[in-house]
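Going by our numbering, the sequence shown opens with residue 53, and the numbers climb by one from there. All residues carry an ideal CB built from backbone N, CA and C; glycine is no exception. These numbers were taken from a predicted model, which means no experiment stands behind them. Structure, as structure tokens:
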Amino acid sequence: MAVNITNGPLSVLPSIGLSDYTADQEDGPLTHRVLSRQDPEITLRPLGAREGSFTLDFTSEAEAATARRTLSTPTVWTLLHPERTSIEMEFIVAGLSYPLDGSGRWCLTVQFEEVS
Numbered sequence: 053m054a055v056n057i058t059n060g061p062l063s064v065l066p067s068i069g070l071s072d073y074t075a076d077q078e079d080g081p082l083t084h085r086v087l088s089r090q091d092p093e094i095t096l097r098p099l100g101a102r103e104g105s106f107t108l109d110f111t112s113e114a115e116a117a118t119a120r121r122t123l124s125t126p127t128v129w130t131l132l133h134p135e136r137t138s139i140e141m142e143f144i145v146a147g148l149s150y151p152l153d154g155s156g157r158w159c160l161t162v163q164f165e166e167v168s
């Protein structure tokens, strides 16, 4: 099964797949230094949602260009990956880049922010 990025009526199905997935989670516990105290106050809270990027790989320039136009739509997207379910999420597109790849792939790099 292939990677699927959808919002319901619109879908992006990369013909080669998804690569270079990177995600970070930040905004966890807070440390507060208090004057005249040796030990800090600590506020425990969960890490925030994932932020990062992934690359969609296509066999043709036309497919990659269509995906770029589709993912430019301001909406919440769902990433489904049947082989790597841990990366599945709902996200918004924070940016797109269109690097040229020397190996014959057409690539679209998506910067994302997870929303749920």
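Item                                                                               : Value
Three-pair Cβ contact test at 8 Å for the region 141–149 versus the region 158–166 : yes
Per-residue DSSP class, three states only, for residue 137                         : helix
Boundaries (first-last residue) of the alpha helix (DSSP H) holding residue 101    : No alpha helix (DSSP H) contains residue 101, which DSSP labels as neither H nor E.
Distance CB(residue 62)-CB(residue 54) smaller than 8 Å                            : no
For residue 141 and residue 126, the rounded distance between their alpha carbons  : 17 Å
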